[in-house]
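Each residue of the sequence shown is one higher than the one before, counting from -19 in the working numbering.
The beta-carbon is built from N, C-alpha and C at its ideal position, and this holds for glycine as well.
Shown next, in structure tokens, is the structure this report addresses.
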Amino acid sequence: MYASRMVPSAVSARDRGPAAPSADVRTAKRGEKAADPGEDRGEVTYDNLTAMLRLVGLYRRRFADLVAQQSWAVESGVKPPTYGVLNVVGQRGSISQRELCDILGVHPSDMVEIMDIVEREGWVERKRDPDDRRRYQLTLTAAGRRTRARYDALAAEAEAQVLEPLSESERRTLLDLVAKVVSAQA
């Protein structure tokens, strides 16, 4: 029904990422600037899924850039996925590492590095699950709650930058619709 949509170019070429090569781009000779069909009109044609993926990618890059500018984040070696851990553990209050991996879509072996950081920094505490002594439950410490609040501020700033072209009403509508789609998948 909505196969493609014209989206005004509200982001720089760097933020949009690489475009699909056109015939002009593929045949450009070394040293020549290839024609970019979207450049002339100030518009880029996206199919709906690609537009959503690029929006998510733009948000992630802005968030990662903001995190990289924070001395406290650089000194501790944190990476943006750390926020996902702090956010989910903070929302749940207590969660097993396996459940955390499932929610974040992270393979358990990839979670090891993140868990090393959050434990070393004293942001998350692991305790034996009283109902199943084979499992550990993760909880945020006071320092973890403070760090999560710092990340929340950066996430809000990244969101504001990415959604800046939209009015407040349009932002609410977009976020409500995305939340509706996500909750329907659970």
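- Assigned with DSSP and collapsed to three states, Q165 falls in helix.
- A contact between stretches requires three or more CB pairs, one per stretch, nearer than 8 Å, and the region 111 to 129 meets this requirement with the region 71 to 90.
- Counted as a single uninterrupted DSSP element, the beta strand (DSSP E) harbouring D109 occupies residues 104 to 109.
- Assignment of S51 by DSSP, reduced to helix, strand and coil, places it in the helix class.
- Out of L33, R100, L84, L35, the CA that lies nearest to the CA of E55 is found in R100.
- Beta bridge pairing from DSSP links I75 with L118.
- A Cβ-Cβ separation of about 15 Å leaves A133 out of contact with Y39 under the 8 Å criterion.
- Looking at the DSSP output, D90 sits in no beta bridge, so it has no partner there.
- In the three-state scheme derived from DSSP, where H, G and I count as helix and E and B as strand, D45 is classed as helix.
- Under the 8 Å Cβ criterion, the region 144 to 160 does not count as touching the region 57 to 71, having fewer than three qualifying pairs.
- Shown here, D27 sits in coil according to DSSP, grouped into three states, outside any helix or strand.
- Distance from the CA of T62 to the CA of S147, rounded to the nearest whole angstrom, comes to 30 Å.
- When the five nearest sequence neighbours on each side are left out, the beta carbons in the same chain lying within less than 7 Å of the beta carbon of I94 are those of P61, T62, V65, in order along the chain.
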